[in-house]
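K.L.:
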Amino acid sequence: MHEVVGMAQQQIGLIGLAVMGENLVLNLERNGFSVAVFNRTTEKVDEFIKGRAAGKNIVGTHSVEELVACLERPRKILIMVKAGQPVQAVIDQLKPLLEPGDILIDGGNSWYEDTEARTRELEAMGLRYVGMGVSGGEEGALHGPSLMPGGTKEAYAELAPLLTKIAAQVEDGPCVTYVGPGGSGHYVKMVHNGIEYGDMQLIAEAYDLLKNVLGLSAAELHQVFSEWNQTEELNSFLIEITAHIFTVMDPETGRPLVDVILDKAGQKGTGRWTVTSALELGVPVPTIAAAVNARIMSSLKEERVAAADHLPGPQITHSPEKALFIQKVRDALYCSKICSYAQGMALLATASQALNYHMNLSELARIWQGGCIIRAGFLQKIKQAFGDNPTLPNLLLAPEFKQSILERQSAWREVVATAAHLGIAVPAFSASLDYFDSYRRANLPQNLTQAQRDFFGAHTYERIDRPGTFHTEWTQMKAKERVG
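Position in the sequence shown counted from 1, then plus 368, gives you the working numbering.
1. Between Arg-743 and Phe-593, is the Cβ-Cβ spacing less than 7 Å?
2. Using beta-carbon positions only, say whether Gly-550 and Met-516 come within less than 7 Å of one another.
3. When the Cα atoms are used, what is the spatial distance from Pro-619 to Ala-485?
4. What does the Cβ neighbour count give for Gly-639, buried or exposed, with the cut at 16 atoms within 10 Å?
5. In terms of alpha-carbon separation, which member of Glu-731, Ala-779, Ile-684 lies closest to Ile-694?
6. Can you give the Cα-Cα distance for Gln-771 and Asp-805, rounded to whole angstroms?
7. Could you pull out every residue in the same chain whose Cβ sits closer than 6 Å to the Cβ of Ala-657, ignoring the five residues on either side in sequence?
8. Please confirm if the region 738 to 754 is in contact with the region 528 to 538, defined as three or more CB-CB distances below 8 Å between the two stretches.
9. Between Phe-315 and Arg-831, what straight-line distance do the alpha-carbon atoms span, to the nearest angstrom?
10. Could you compute how far the alpha carbon of Gly-852 sits from the alpha carbon of Asn-811?
11. Considering only residues of the region 578 to 616, which uninterrupted alpha helix (DSSP H) runs meet the minimum length of 4 residues and lie entirely inside it, listed in chain order?
12. Can you tell me whether Ile-664 is buried or exposed, with buried defined as 16 or more other CB within 10 angstroms of its CB?
13. Shortest alpha-carbon distance to Leu-582 belongs to which of Glu-689, Lys-444, Glu-415?
14. For Ile-571, which residues does DSSP report across the bridge?
15. Checking 7 Å against the spacing of the C-beta atoms, do Met-500 and Ile-534 come in under that value?
16. Along the chain, where does the beta strand (DSSP E) that runs through Phe-406 open and close?
17. The alpha helix (DSSP H) that contains Ser-806, what's its start and end?
18. By DSSP, does Thr-843 sit in helix, in strand, or in coil?
19. Could you name the residues of the same chain whose beta carbon sits closer than 7 Å to that of Lys-705, not counting the 5 residues immediately before and after it, in chain order?
20. My understanding is that Ala-714 touches Val-651, with C-beta atoms under 8 Å, so please give their C-beta distance in whole angstroms.
21. Taking 7 Å as the cut-off, decide whether the C-beta atoms of Phe-754 and Leu-723 are in contact.
22. Determine the extent of the alpha helix (DSSP H) in which Pro-529 is found, giving its start and end residues.
23. From Gly-681, Met-558, Pro-835, Lys-636, pick the residue whose C-alpha is nearest to that of Glu-481; which is it?
24. Can you say whether Phe-838 is buried or exposed, counting buried as having 16 or more other CB atoms within 10 angstroms of its CB?
25. Note down the Cα distance separating Val-455 from Val-449, rounded to an integer number of angstroms.
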């Protein structure tokens with residue numbers, strides 16, 4: 369067995385030394401906590417201890433047994449390995465080594481139902497289990513992420529002194545809160561990522577319009593996005609990094625690096641999970657679904673290249689007044705962004721009720737203000753909206769956001785119409801506008817849909833003029849009309 373010098377009793381253990389794990393360890397140590405680490409590939413442990421962790425209060429171990437032996441009681445172990453079977457394998461290794469009261473924390477992107485099942489199993493053994501969403505990427509993990517822990521309140525109370533120190537710090541406090549029981553922390557992280565998908569796709573569509581309708585250069589795109597990032601509406605991490613991307617040149621070709629990147633976007637599944645859960649709960653999330661579909665469509669690169677020769681569209685000759693069109697795209701982006709967040713928050717509200725999570729939506733908006741990928745200035749307004757009205761059914765009805773969209777909807781519609789006229793796909797802009805238009809209409813054409821369902825399947829319908837459930841023998845009614 370690898371010998372641990374002095375068998376120091378460290379305050380927390382971490383398993384999984386990929387970049388996120390390493391950075392969280394360094395974050396913990398910098399904030400005054402002693403850490404023991406383990407990685408399945410033990411060479412990684414040695415490299416870390418000799419390298420980035422050199423001279424720090426971090427102990428390396430070569431087995432889970434050694435890791436457990438290094439820790440103060442009740443033991444706290446943060447698992448930072450790939451979701452799914454790898455997480456389960458680590459838990460299975462740890463179970464026989466732990467004692468009642470010990471706490472396991474899964475900091476990956478686990479499916480929330482897996483977290484629910486693990487919570488039930490481990491709590492029955494006297495162990496405490498926390499499923500914790502971690503957002504912020506590598507830099508956030510190192511300097512302060514947004515943390516979304518779910519589990520028993522008692523487990524969170526034990527971890528709070530640690531988590532509040534390592535989380536991102538904003539004016540409203542540390543970007544961590546007790547989310548709720550069971551798998552709620554991972555559910556919130558999943559929806560966070562779904563909103564992130566929507567946000568990224570909307571920004572990509574704005575870029576597409578500015579580049580192909582106006583012909584803006586990378587330098588001009590940098591200027592536009594930099595200016596947008598200074599506005600109250602669009603100030604955000606994603607807009608900030610987008611502006612920066614346009615300044616980076618490819619050393620091989622001398623072209624803007626973004627122009628030589630293949631247009632095939634990857635995904636790890638959390639956006640798709642968000643859409644699946646929304647469908648199951650009956651919550652419309654069309655902007656997020658459009659973003660997922662856009663990534664899937666982008667993966668069909670070879671098919672799209674072939675189709676381009678066979679399916680010509682309009683020639684992009686339209687060149688509106690530059691400054692005005694940029695302003696309209698900005699307005700369309702903000703309106704669509706509001707819809708994306710509205711969908712995510714509506715899904716969280718429904719899930720909270722259906723799964724008995726008792727989430728505080730205002731508090732969730734607060735902890736997303738720093739550290740995480742979707743951090744943005746207007747999250748303060750979302751926090752305020754749900755703080756003023758915790759039962760707000762939809763963000764579109766909050767006075768601040770309602771007024772913003774009503775003032776900008778003309779520009780929003782014009783941008784979507786311009787894109788359609790020129791044959792430029794803007795699926796997330798369009799889906800957001802459709803969401804807004806569907807939500808604001810008192811009457812939709814699904815009365816016909818329900819009539820069709822009753823015609824071919826006797827699914828019944830309700831009437832607008834009296835209560836009850838009705839069924840019509842549609843073919844007989846038609847026959848009677850002919851006879852008459």
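Where a beta carbon is used, it is the ideal one built from N, C-alpha and C, also for glycine.
A quick note: this is a predicted structure, and the numbers were derived from the prediction, not measured.
P.N.:
Taking the definition as stated:
1. Arg-743 places its beta carbon 7 Å or farther from that of Phe-593.
2. no
3. 50 Å
4. buried
5. Ala-779
6. 15 Å
7. Val-643, listed in sequence order.
8. yes
9. Residue 315 falls outside the range modelled here, since the chain spans only 369 to 852, and no answer is possible.
10. In this prediction, Gly-852 scores a pLDDT of 38, lower than 50, which makes its location untrustworthy; no coordinate-derived value is stated.
11. 586 to 597, 605 to 613
12. exposed
13. Glu-689
14. Ile-571 pairs with nothing; no bridge assigned.
15. no
16. 403 to 406
17. 795 to 808
18. helix
19. Asp-567, Leu-570
20. 6 Å
21. no
22. 521 to 534
23. Looking at the Cα atoms, Met-558 is the closest of the given residues.
24. Exposed, because fewer than 16 other Cβ atoms sit within 10 Å of the Cβ of Phe-838.
25. 6 Å
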